[in-house]
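Colleague: Chains as they are written, first to last, in the working numbering: chain A, 42 to 352; chain B, -19 to 268; chain C, 597 to 835.
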Amino acid sequence: MTHPAGGGERRWALAILGALALLALLPVAVPREDVINFVFLILLSITLAQSWNIVAGYAGQVNLGHAAFFGLGALVARTLWIGGSPIALALAAGPATATLFALLIGAAAFRLRGAYFAIGTLALGEILRTTVGNVLAEISTLPTETIAAYRLTHRYYLALALAALSVVAVAVLAGSRLGLGMQAIREDEEAAEASGVGALRLKLIALALSTGLAGLAGGVFAFYHISYYPAHAFSPHWTFDALLMTFIGGVGTLHGPVLGAVLYVVLKEYVALRWVDFHLLIFGALFIAIVLLLPGGLVQAAERARRLLAG
Amino acid sequence: MNILAQQLVLGLLIGGLYGLAAAGLSLVFGVLKVLNVAHGELIMLGGYAAFWTVALLGLDPFVSLLLVVPLSLLLGVGLYWGLFGFVVRADEETRIKNSLLIGFGLGLALHALAVLLWTADERSIVTPYGGSIRLAGLSVPIVRLASLLIALALIGGLHLLLARWRWGKAIRATAEDWQAALLTGIDVRRAYLLAFAIGTGLAGAAGTLVSIGYSTSPSIGLEWTLKALIVVVLAGLGSMLGTFVGGLVLGVAEAASAAAFGGPYREVVGLVLFVVVLVVRPRGLFGR
Amino acid sequence: MLEIRDLDAAYGDIRVLSGVTLSVGAGEIVALLGPNGAGKTTLLNSIAGLLRPRAGAVRFEGEDLGALHAHLIVERGLALVPEGRRLFGGMSVEENLELGAFAPRARATKAAGFERVYALFPDLYQRRRQLVRSLSGGQQQMVAVGRALMSNPKLLMLDEPSLGIAPRLVRSIMASLAAINRAGVAVFLVEQNVPAALGLAHRAYVLESGRIAGQGAAADLLRDPHIRRAYLGPLAVRE
Chain A
42 MTHPAGGGER RWALAILGAL ALLALLPVAV PREDVINFVF LILLSITLAQ SWNIVAGYAG
102 QVNLGHAAFF GLGALVARTL WIGGSPIALA LAAGPATATL FALLIGAAAF RLRGAYFAIG
162 TLALGEILRT TVGNVLAEIS TLPTETIAAY RLTHRYYLAL ALAALSVVAV AVLAGSRLGL
222 GMQAIREDEE AAEASGVGAL RLKLIALALS TGLAGLAGGV FAFYHISYYP AHAFSPHWTF
282 DALLMTFIGG VGTLHGPVLG AVLYVVLKEY VALRWVDFHL LIFGALFIAI VLLLPGGLVQ
342 AAERARRLLA G
Chain B
-19 MNILAQQLVL GLLIGGLYGL AAAGLSLVFG VLKVLNVAHG ELIMLGGYAA FWTVALLGLD
41 PFVSLLLVVP LSLLLGVGLY WGLFGFVVRA DEETRIKNSL LIGFGLGLAL HALAVLLWTA
101 DERSIVTPYG GSIRLAGLSV PIVRLASLLI ALALIGGLHL LLARWRWGKA IRATAEDWQA
161 ALLTGIDVRR AYLLAFAIGT GLAGAAGTLV SIGYSTSPSI GLEWTLKALI VVVLAGLGSM
221 LGTFVGGLVL GVAEAASAAA FGGPYREVVG LVLFVVVLVV RPRGLFGR
Chain C
597 MLEIRDLDAA YGDIRVLSGV TLSVGAGEIV ALLGPNGAGK TTLLNSIAGL LRPRAGAVRF
657 EGEDLGALHA HLIVERGLAL VPEGRRLFGG MSVEENLELG AFAPRARATK AAGFERVYAL
717 FPDLYQRRRQ LVRSLSGGQQ QMVAVGRALM SNPKLLMLDE PSLGIAPRLV RSIMASLAAI
777 NRAGVAVFLV EQNVPAALGL AHRAYVLESG RIAGQGAAAD LLRDPHIRRA YLGPLAVRE
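#1: Exposed or buried, what is R170/A when buried is set at 16 or more other beta-carbons lying within 10 Å of its beta-carbon?
#2: What residue range does the beta strand (DSSP E) around V677/C cover?
#3: Note down, one range per segment and in chain order, each beta strand (DSSP E) of at least 3 residues found wholly within the segment 719 to 783 of chain C.
#4: Ignoring anything shorter than 4 residues, give me the alpha helix (DSSP H) runs that lie fully in the segment 5 to 89 of chain B, in order along the chain.
#5: Pick from A233/A, I168/A, V213/A, G220/A: whose alpha carbon is nearest that of P244/B?
#6: Within the same chain, show all residues whose beta-carbon is closer than 8 Å to that of V80/A, passing over the 5 residues directly before and after it, in chain order.
#7: Starting from T223/B and walking both ways along the alpha helix (DSSP H), at which residues does that stretch end?
#8: Classify W145/B as buried or exposed, calling it buried when 16 or more other Cβ atoms lie within 10 Å of its own Cβ.
#9: Go to R807/C, then tell me how far its beta strand (DSSP E) extends in each direction, as first and last residue.
#10: Can you give me the start and stop residues for the alpha helix (DSSP H) that V261/A sits inside?
#11: Are G662/C and A653/C close, meaning C-beta to C-beta below 9 Å?
#12: Can you tell me whether T107/B is helix, strand or coil according to DSSP?
#13: Please say whether G20/B and G87/B have beta carbons closer to each other than 9 Å?
#14: Do A70/A and S276/A have their C-beta atoms within less than 9 Å of each other?
#15: Using a cut-off of 7 Å between C-beta atoms, extract the partners of L217/B located in chain C.
#16: If you scan the segment 182 to 240 of chain A from start to end, which runs of the alpha helix (DSSP H) of 4 or more residues do you find wholly inside it?
#17: For a test of the three-state rule: what should DSSP assign to Y607/C, helix, strand or coil?
#18: Would you check if the distance between the CB atom of L142/B and the CB atom of R152/B is smaller than 9 Å?
#19: In angstroms, rounded to a whole number, what distance separates the CA positions of V833/C and G733/C?
#20: Using a C-beta to C-beta distance shorter than 8 Å, which residues of chain B count as neighbours of P718/C?
#21: Give me the DSSP bridge partner(s) of L785/C.
#22: Within the same chain, show all residues whose beta-carbon is closer than 6 Å to that of A131/A, passing over the 5 residues directly before and after it, in chain order.
#23: Ordered along the chain, which non-local residues of its own chain (more than five positions away) have a Cβ less than 6 Å from that of L22/B?
#24: Could you tell me the distance, in whole angstroms, from the CA atom of G227/B to the CA atom of G(-5)/B?
#25: Which residues of the segment 181 to 196 of chain B have a Cβ closer than 7 Å to any Cβ of chain C? Give them in chain order.
#26: So which residues on chain C does K149/B lean against when the C-beta distance must stay under 8 Å?
#27: Would you give the residue range spanned by the beta strand (DSSP E) that L803/C belongs to?
#28: What residue range does the beta strand (DSSP E) around G621/C cover?
#29: On the criterion of 16 or more Cβ atoms from any shown chain inside 10 Å, does I130/B qualify as buried, or is it exposed?
#30: Which residues in chain A have a C-beta closer than 9 Å to the C-beta of V68/B? List them in chain order.
#31: Measure the C-alpha to C-alpha separation of I808/C and L618/C and round it to an integer number of angstroms.
#32: Using C-beta distances below 6 Å, list every residue in its chain close to Q102/A, excluding the 5 sequence neighbours before and after it, in chain order.
#33: Anything in chain B within Cβ reach of T182/A, meaning under 7 Å, just list it in chain order.
#34: Given that a residue counts as buried once 16 or more other Cβ atoms are within 10 Å of its Cβ, and exposed if not, what is T43/A?
#35: Are the segment 107 to 116 of chain B and the segment 332 to 344 of chain A in contact at 8 Å, needing three or more beta carbon pairs?
Next comes the structure, spelled out in structure tokens:
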């Protein structure tokens, strides 16, 4: 399932960026907090999904510990920011920490293949979550002056910029030699190695990019919430959300994760009944159907539909 | 010293359930090469089946096993025919990857379904009997001891089944080399079905014992899947008895680490062991 | 008994067999010769049901085997001893043999089957509780042949039984196959050890690059100059 970033993907990238540019006008056009919060969530989800997509869709490995990097980014950013650092520094330190951690464990982690990599990273994520939950058990709340100075629109534009960045990053990666090399690994790692593609190096680059974006997303999350439990940012549900959004949209494509993220958040908003994550029941079933029948996700479904209508 | 020994005994008692939980996962993975990460949710469902059997029919909690295990076997048949039977059509590498993903989706769906049906509250089966007996100066809760013995009996039974039963041998043969099994006249799909059903049955049994001695709730799925995975990786594939021992080892290791580093770090030791064994010795401690 | 007509087989996009036509009659021993990579294993796997042919027909006793699953083909009386033996290493000799009688057609005659195999291979009786993993190559080959025999086949197919076996044992295995054939079982033998194969067989085919390149009585083929040059030269003989 190779997706050469040809004209199609580039057009999608421009379309999405255009839509994002329009969304910049949202706080002015619709100055309602609930709407802005809702779109903020979509934007954050887009970044989360795209970041996961880089390792899964382009380097072909299912990383089930993605939440660890989101959480690390949040933790470091939050700690520095509350400690008095300027937000820009805090937001830079988050992804830096996440990527550093990723590279530290990356070489060992990539010794595992396929399912073992997946469950290994899952375990790693849980180790971090449990440890953080024990060490930092208290809720993290912003000091009163910061709450007083809280501007939702700042968070919104940050998330918007990040979403745009993630889309651009994937677009550039997909079209680059690095990206093609990664896709070669995803299709058939041994064959790619044999033809000179340095698999480990490329996988580490993909991991670095992926975790960097995830760490940034975590930082924005930390910047956004007034109070939350630090361990919550390490919860595996962030990973699972990213997985669901990316797969249902279309793993390995540029616009798939975006589509998946929008659909997921919208569904979650309108289908969640009281305490039940009903959207998860639907998405779980949809996910199974997609893995079995339509591995390319909704993107593949749309292409088939278009071809059916055209031909 | 006595407190430590006490903790270790409790760790041993739950370790038996870890072993039982892992046995089902190990059987399915070893035979079908399918990694059902929704195994924990199957355990959860077993727990609920037991809970409702006791609540609605008034059966003795341990007797409910006689109902829950057959129900779980049927569920396994249904899941194989409806879902995992399609996964085994692909080659081994694709199978593992697809089953991981499908198990993931299944787990999410089953979790959400459980919350929808029974709310997120914890349920525990209260036995009319309780108390502890004194063994070697330590206090051993009767209910949990009974659970351990039942788990051991089930594992022993499974071992015999695989060793003596015609289809048990066919299952072992399929696990070693499915093409050779076909050439020997074994209907490999039937072997897959049986293995998957038995694996689910074991999960149901484990779930029952968990809800008797401890508690069940929709969220225990992920936790138990991880426990089972850790034991499978620690013990390796191929031996049910070895898997059981692996479970005991994990239980004791957890208790030891809780005693040494404090309660909250109980979970971490298993996970760390898991990652280390994965990277260093993927075949596990007992596996071939 | 076994009729193959215009068989085409492929792995993915790679065509391995083209228009293969051959037959094995009841009571015959037929050999299939050819160089490495000619497609001999693919042919056997196609007949045994491990691979679906792209075109052509495989008929056994008049019945088309094309759509049958491999285990049902064993039930029809066609057994394959695969290349490399493919035994269940973690199980004993006895268990491997017992599994050979798994198919319904063989279950009733399991005891007789054991007797037959132990009579042919007395060594195995002594080692019947031993794990197959711990046996030598020659002994494993005996178990492999025995396991296939336990299914009470009408036609026994073997893929390179002499591979990796000491010459003395090769003669012994060929003698066993002759004995099996005298007892009424047809034999279809794929072999690179041409002298051994032609010494045993009544007829033989030659498979080269996925096509039948020659056929005839074994004695005639032994004298054929092409065969002698290609397969009986100093590099081809393993004696």
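We put the CB at the ideal spot given by N, CA and C, even for glycine.
Keep in mind the model is a prediction, meaning the values are calculated, not measured.
Modeller: If we stick to the structure as given:
#1: buried
#2: 674 to 677
#3: 751 to 755
#4: 19 to 37, 45 to 59
#5: I168/A
#6: L64, L67, Y197
#7: 220 to 241
#8: exposed
#9: 807 to 813
#10: 240 to 265
#11: yes
#12: coil
#13: yes
#14: no
#15: Here the premise fails: no neighbours, minimum Cβ distance about 11 Å.
#16: 185 to 189, 193 to 216, 218 to 228, 230 to 235
#17: strand
#18: yes
#19: Unreliable placement is indicated for V833/C, whose pLDDT of 46 sits below 50; the coordinate value is still reported in the next sentence. Using only the alpha carbons, I get a separation of about 20 Å.
#20: Under the 8 Å cutoff, chain B gives no residues; its nearest Cβ is about 23 Å from P718/C.
#21: A627/C, L754/C
#22: A118, L121, W122
#23: T180, A183
#24: 5 Å
#25: none
#26: M687, E691, E694, L695
#27: 799 to 804
#28: Per DSSP, G621/C belongs to no beta strand (DSSP E) and is neither H nor E.
#29: buried
#30: None at all; the shortest Cβ gap to chain A is about 12 Å.
#31: 8 Å
#32: V96, F158
#33: Within 7 Å Cβ-Cβ: nothing; T182/A doesn't reach chain B, min ~22 Å.
#34: Because T43/A sits at a pLDDT of 45, beneath the cut-off of 50, its placement in the model cannot be relied upon, and the point is left open.
#35: no
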